[in-house]
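To start, the structure itself, in structure tokens.
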């Protein structure tokens, strides 16, 4: 509870307002694949509690974990409000070797060599890494 944490009424109101705005923003980012995945997961669990539906994204994650191979920049990412933030770097990965990014950096755009950067502020983490 924010009250038990010693927050005053204004801080509580500001914190809750920020949380609700974030929740609404996340809800607005829900796409048809998310809805389909939720429906299929519920359906599969009704048939058998030990059965799960793996969306294409979850299948890709599962296969990566099983093969112990990673693709990408070699960084663990997390969301901080509208920003994707570097949480840690994978030792020996491209990001650590390049020394161009550090833990705590915000990813504000992505792009391929020779192409213009795409602004990713406010994007879902899954969409940033896709």
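Residue numbers (my numbering): -15 to 114.
Every residue, glycine too, gets a C-beta built ideally from N, C-alpha and C.
If you draw a straight line from the Cα of residue 110 to the Cα of residue 17, it comes to about 12 angstroms. If you draw a straight line from the Cα of residue 83 to the Cα of residue 72, it is about 13 angstroms long. Under a 10 Å Cβ-count criterion, residue 48 is classified as exposed, with fewer than 16 other Cβ atoms of the shown protein chains found around its own Cβ.
Runs of the alpha helix (DSSP H) lying entirely within the segment 33 to 66, each at least 4 residues long, are 40 to 51 in chain order.
Around residue 60, the same chain offers 70, 71, 72, 73, 74 as residues with beta carbons nearer than 8 angstroms, after the five sequence neighbours per side are excluded.
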